[in-house]
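Student:
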Amino acid sequence: MEYYSKNLTVDGHDVDFNGVARTSALMRYIQTAAQDQLTDNGMSYDQLKEKKRAFILSRIKMEIGDAVKEYEPLTAVTFPCESRGYSFLRCYKLMRDGKTIGRAVSIWAMIDTDTRALVKVNDFDLQLKTYEPLDLALTRIAMPSEMREVGKYTVSYGMLDRNRHMNNTRYPDIYSTFLPMDNKRVAEITINYSNEAPEGDTLTVYRGEANGYYYFRTVRSDGKTNSEAEIRLTEM
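Following numbering that gives the first Met the number 0, the numbering of the sequence shown begins with 0 at its first residue and continues without gaps.
1) Let me know if Val-60 comes out buried or exposed under the rule of 16 or more other beta-carbons within 10 Å of its beta-carbon.
2) Drop a sphere of 10 angstroms on the beta-carbon of Lys-50, count the other beta-carbons inside from all chains shown, and report buried for 16 or more, exposed for fewer.
3) Under the DSSP definition of a beta bridge, which residues are partnered with Arg-83?
4) Can you tell me whether Ile-190 is helix, strand or coil according to DSSP?
5) Does the structure place the stretch 207-226 close enough to the stretch 168-177 that three or more beta carbon pairs sit under 8 Å?
6) Gly-64: which of Ala-103, Glu-198, Thr-201 sits nearest, CA to CA?
7) Can you tell me whether DSSP reads Leu-93 as helix, strand or coil?
8) State the DSSP-derived secondary structure class of Glu-71, mapped to helix, strand or coil.
9) Please name the residue, chosen from Tyr-70, Glu-1, Gln-30, that lies closest to Ile-55 on a Cα-to-Cα basis.
10) Assuming Ala-33 is part of the beta strand (DSSP E), what are its boundary residues?
11) Ordered along the chain, which non-local residues of its own chain (more than five positions away) have a Cβ less than 7 Å from that of Asp-35?
12) Please report the distance separating the alpha-carbon of Glu-69 from that of Val-14.
13) Quick check on Ile-140: does DSSP put it in helix, strand or coil?
14) Leaving out five residues before and five after Gly-157 in sequence, what residues of the same chain have Cβ atoms less than 7 Å from its Cβ?
15) Do three or more CB pairs link the stretch 84-92 to the stretch 211-223 at distances below 8 Å?
The structure is reproduced here in structure tokens:
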């Protein structure tokens with residue numbers, strides 16, 4: 000079975016004070032592989048833009064089975080899966096020495112950049128072979144009833160993508176700001192993206208805890224929910 004893959008080395012700037020790669024970096028590695036596959040097949044960001052199309056991440060779940068250290072060689076693996084409706088399904092693996100140390104599944108929406116209308120899977124030929132998805136359940140997050148405000152976060156230059164919204168890989172860094180990360184790392188994370196976070200907006204961050212998980216909700220200044228997340232930490 001031939002999946003698309005990219006070899007990489009963990010950048011020393013991508014590790015935290017524990018000496019392990021940040022979740023945001025691991026998300027960036029696997030998404031870079033996915034974008035490279037699209038680019039190699041005539042679907043770069045600019046080529047899609049010319050067709051008035053763009054992919055937007057709706058949901059992602061990632062499991063990280065082992066700590067990833069700086070300068071370690073990794074292979075990021077990605078493949079599209081059979082999709083339907085308005086949801087483009089894509090899976091990923093992170094490999095080290097031939098062993099899977101991370102897995103992820105994501106759902107993407109495609110929009111018409113002129114009208115902002117959603118585009119159906121059947122109305123866009125991805126022109127890529129699809130595979131069976133990984134056995135990772137990507138469901139809506141059941142948020143706890145009690146959440147408390149833990150801080151605010153302003154969307155600034157360093158967090159922006161080309162659309163002048165906060166890049167989806169940056170969200171784990173916000174959540175981790177409000178987590179006890181000393182000698183701990185993220186073992187599992189699920190993020191639901193509801194509304195984009197525009198440049199200059201200040202997000203209010205809420206956190207709750209239940210059943211060994213931390214839960215987050217970020218709310219824009221207009222009162223709309225920006226994201227929700229479920230995170231499980233593990234000891235180093």
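Think of the CB as a built atom: it goes at the ideal place given N, C-alpha and C, for glycine as much as any other residue.
Tutor: This is what the structure holds:
1) With the sequence shown as reference, residue 60 is identified as Lys, and Val is not the correct amino acid for it. Buried, because 16 or more other Cβ atoms sit within 10 Å of the Cβ of Lys-60.
2) exposed
3) Ser-86
4) strand
5) yes
6) Ala-103
7) DSSP places Leu-93 in strand when its eight states are reduced to three.
8) coil
9) Residue Gln-30 is the option with its Cα nearest to Ile-55.
10) Segment 22-39 is the alpha helix (DSSP H) holding Ala-33; no beta strand (DSSP E) there.
11) Excluding residues within five positions, the ones whose Cβ falls inside 7 Å are Lys-5.
12) 6 Å
13) coil
14) none
15) no
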